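Residue numbers in the sequence shown follow the working numbering, run continuously in steps of one, and reach 483 at the last position. Where is the CB? At the ideal position from N, CA and C, for every residue including glycine. As the structure is a computational prediction, the values presented were derived from the model and not from experiment.
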Amino acid sequence: MSSKSELDVLFSPSQWCKGTRGSQRSEQHVKCIEQYSETVRETIPCKLNIPYGPGKRELIDVFGTDLPEDCPVFVHFHGGYWQVPSIRHDNNSFIAKNLHASGIKSIFIGYELCPNVTLLELLENTQKALIKCLTLINTSEISGIYLSGHSAGAQIVAALFEDFIDTLPEHQQLLFKSAFLITGLYDLEPLLGTTYNDLLGLDGDSAVRASPLRRNLKRTNCELVVIVAEYDSPKFVEQGQEMYEHIKSLGLRCEYVFQENSDHYEIIEGLYDSENELLKRIINTCLIKK
194 MSSKSELDVL
204 FSPSQWCKGT
214 RGSQRSEQHV
224 KCIEQYSETV
234 RETIPCKLNI
244 PYGPGKRELI
254 DVFGTDLPED
264 CPVFVHFHGG
274 YWQVPSIRHD
284 NNSFIAKNLH
294 ASGIKSIFIG
304 YELCPNVTLL
314 ELLENTQKAL
324 IKCLTLINTS
334 EISGIYLSGH
344 SAGAQIVAAL
354 FEDFIDTLPE
364 HQQLLFKSAF
374 LITGLYDLEP
384 LLGTTYNDLL
394 GLDGDSAVRA
404 SPLRRNLKRT
414 NCELVVIVAE
424 YDSPKFVEQG
434 QEMYEHIKSL
444 GLRCEYVFQE
454 NSDHYEIIEG
464 LYDSENELLK
474 RIINTCLIKK
């Protein structure tokens with residue numbers, strides 16, 4: 194049996210990066226996305242910090258307010274292990290740069306973190322956030338909604354397909370065309386043996402209830418794209434592969450993308466680069482009329 198410290202390393206993406214590792218790499222990542230996002234907020238028409246709940250982090254930013262109402266809409270949930278305060282919706286808005294240039298509106302959702310809320314409460318709150326998003330766009334005009342989540346955000350997006358998306362009115366369900374699950378964890382039970390759970394506060398029952406890999410996703414026309422990075426934590430890579438197989442076994446539309454020569458942070462930072470291959474895939478998907 195692995196010790197808690199060994200499990201922490203196995204489930205720590207920063208320990209498996211190509212170059213600089215550990216807390217230094219995590220800090221570099223935050224500085225990078227802060228700088229990128231500040232530039233974007235100054236140059237793209239946007240509406241910032243729209244509240245959807247009482248929490249200080251329960252805010253939504255919308256970029257591309259100048260775009261036509263029938264444009265596609267990209268909705269992103271940030272990462273941060275459900276507990277890291279330095280990762281926020283506003284410093285993930287750098288992704289909007291190239292989307293806006295391609296005529297795609299983008300929405301970035303913040304959420305309260307553990308232990309201020311339980312993880313199950315966090316998931317319920319992000320459902321409320323998505324409902325709020327639907328009120329901010331003209332759902333009778335847009336060509337489609339494309340969900341995205343990085344790291345913890347990927348688990349949040351996957352969980353939306355358990356018992357939420359299918360409760361929406363049918364015409365709204367049909368708006369969800371694709372969901373990009375970028376380097377996520379989908380079975381949280383192994384985290385019970387790590388220090389990450391000190392703030393998450395999961396027990397056996399809540400860990401299973403918060404694990405999309407352990408639950409049935411409801412039938413949907415939305416394609417789920419599971420994306421892993423070559424130099425991510427081996428547990429993240431393993432769970433990405435397992436999540437793809439799980440989705441496929443449920444008969445849902447899915448795709449598996451293995452991003453070579455990339456790590457947990459580079460894969461999301463790269464979306465600021467107009468020549469990035471994953472970015473091109475996302476843009477092409479959003480622009481295809483389905």
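Give the DSSP-derived three-state secondary structure of residue i in the structure shown.
{"i": "P261", "result": "coil"}
{"i": "K298", "result": "strand"}
{"i": "Y449", "result": "strand"}
{"i": "L361", "result": "coil"}
{"i": "I475", "result": "helix"}
{"i": "E468", "result": "coil"}
{"i": "N333", "result": "The sequence shown places Ser at residue 333, rather than the Asn named in the question. Looking at S333 - three-state DSSP - the assignment turns out to be coil, as it is neither helix nor strand."}
{"i": "I481", "result": "coil"}
{"i": "K290", "result": "helix"}
{"i": "M194", "result": "With a pLDDT of only 47 at M194, under 50, the local geometry of the prediction cannot be trusted, and the value read off the model is given with reservation. Residue state, collapsed to three classes: coil."}
{"i": "L406", "result": "helix"}
{"i": "L385", "result": "helix"}
{"i": "K411", "result": "coil"}
{"i": "L203", "result": "helix"}
With which residues is residue i paired in a DSSP beta bridge?
{"i": "A372", "result": "L340, L417"}
{"i": "S455", "result": "According to DSSP, S455 bridges with nothing at all."}
{"i": "E305", "result": "E305 is not bridged to any residue."}
{"i": "A351", "result": "BP columns for A351 are empty, so no partner."}
{"i": "Y424", "result": "D456"}
Hey, could you find the ends of the alpha helix (DSSP H) residue i is sitting in?
{"i": "E435", "result": "427-442"}
{"i": "R402", "result": "397-402"}
{"i": "K211", "result": "Taken as a continuous stretch (DSSP letters only), K211 belongs to no alpha helix (DSSP H), as it is neither H nor E."}
{"i": "L316", "result": "312-329"}
{"i": "D380", "result": "Where D380 is concerned, there is no enclosing alpha helix (DSSP H), given that its DSSP letter is neither H nor E."}
{"i": "C390", "result": "Cys is not the amino acid found at residue 390; the sequence shown has Asn there. From DSSP, the alpha helix (DSSP H) with N390 extends over 390-393."}
Skipping 5 residues on each side, what residues in its chain have a beta carbon closer than 6 angstroms to that of residue i?
{"i": "V419", "result": "L374, G433, M436, Y437, Y449"}
{"i": "P405", "result": "A351, A352, Y379"}
{"i": "I486", "result": "For residue 486 there is no data in the structure shown, the boundaries of the chain being 194 and 483."}
{"i": "S279", "result": "V223"}
{"i": "L241", "result": "D254"}
{"i": "V266", "result": "K298, I330, I335, I338"}
{"i": "E416", "result": "S371, R446"}
Using a Cβ-Cβ cut-off of 8 angstroms (strictly less than) and excluding sequence neighbours within five positions of residue i, which residues of its own chain qualify?
{"i": "L316", "result": "I349, A352, A403"}
{"i": "M194", "result": "For M194, the predicted structure reports a pLDDT of 47, less than 50, and the residue's modelled location is therefore unreliable. The matter cannot be settled from this model."}
{"i": "F143", "result": "Because the chain in this structure spans residues 194 to 483, residue 143 falls outside the shown range and cannot be described."}
{"i": "D456", "result": "P206, W209, C210, K211, A422, E423, Y424, D425"}
{"i": "K325", "result": "I243, Y245, I253"}
{"i": "S295", "result": "I476, C479, L480"}
{"i": "C264", "result": "G257, G296, I297, K298, I335, S336"}
{"i": "D259", "result": "P238"}
{"i": "K249", "result": "E305"}
{"i": "L385", "result": "L395, D396, G397, A400"}
Within its chain, find whatever has a CB closer than 7 angstroms to the CB of residue i; leave out the 5 residues flanking it on each side and keep chain order.
{"i": "I465", "result": "Before going on, a small fix: residue 465 reads as Tyr here, not Ile. The residues are Y229, F287, K290."}
{"i": "T387", "result": "K197, L200, D201, F204"}
{"i": "A188", "result": "It is not possible to answer for residue 188, since the shown part of the chain is limited to 194 through 483."}
{"i": "S467", "result": "N291"}
{"i": "R408", "result": "E355"}
Under 7 angstroms, Cβ to Cβ, is there at least one residue of chain E near residue i?
{"i": "T258", "result": "The structure shown contains no chain E; it is built from a single protein chain."}
For a minimum of 3 consecutive residues, which ranges assigned as the beta strand (DSSP E) are wholly contained in the segment 235-287?
Fully enclosed beta strand (DSSP E) runs of 3 or longer: 239-244, 252-256, 266-270.
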